[in-house]
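If you're matching positions, the sequence shown starts at 449 in this note's numbering and goes up one per residue.
By construction, the Cβ of each residue, glycine as well, lies at the ideal position given by its N, Cα and C atoms.
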Amino acid sequence: MARARKKAVSLEAPDAGVFKAVGEAVTAFLEHCESEGLAHSTIRKYRNALGRLRAFCEAKGIDGAGDLTTEQLDLFRAQRGLKPITSAKA
């Protein structure tokens with residue numbers, strides 16, 4: 449979780465650069481995972497989680513990856529209702 453939070457904070461930096469739309473960022477990330485030869489099961493887990501993130505962003509009116517804040521990501525995570533064992537692994 450600390451690593452994800454750190455990454456989210458860095459995304460909030462105004463000088464961090466140009467951001468893609470959330471859907472484009474998800475697609476680009478999954479294509480990168482495939483090109484790196486990650487296991488199909490890993491990519492499937494990423495695709496499922498990122499699909500939920502994409503739906504969350506659409507519901508909240510978040511268009512770009514750069515529009516996501518740490519608080520919104522925390523809310524997304526809380527709304528997922530992860531079991532304690534899953535939360536402990538993160």
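For residue i and residue j, I'd like the C-alpha separation in whole angstroms.
i	j	result
A503	D511	11 Å
L486	R500	20 Å
R525	K508	14 Å
Q527	E484	30 Å
H480	C505	21 Å
For residue i, does the count of other Cβ atoms within 10 angstroms reach 16, so buried, or fall short, so exposed?
i	result
A473	buried
L523	exposed
A513	buried
Mapping DSSP to helix, strand and coil, what is residue i?
i	result
G485	coil
G512	strand
Cutting at 8 Å between CB atoms, please list the residues of its own chain near residue i, excluding the five before and the five after it.
i	result
K468	A476, G512, A513
L478	I491, Y494, R495, L498
E482	I491
Check whether the Cβ of residue i sits closer than 7 Å to any heavy atom of the ligand SAH, and report yes or no.
i	result
Y494	Of the ligands one can find in the structure shown there are none, so the ligand SAH has no counterpart to examine.
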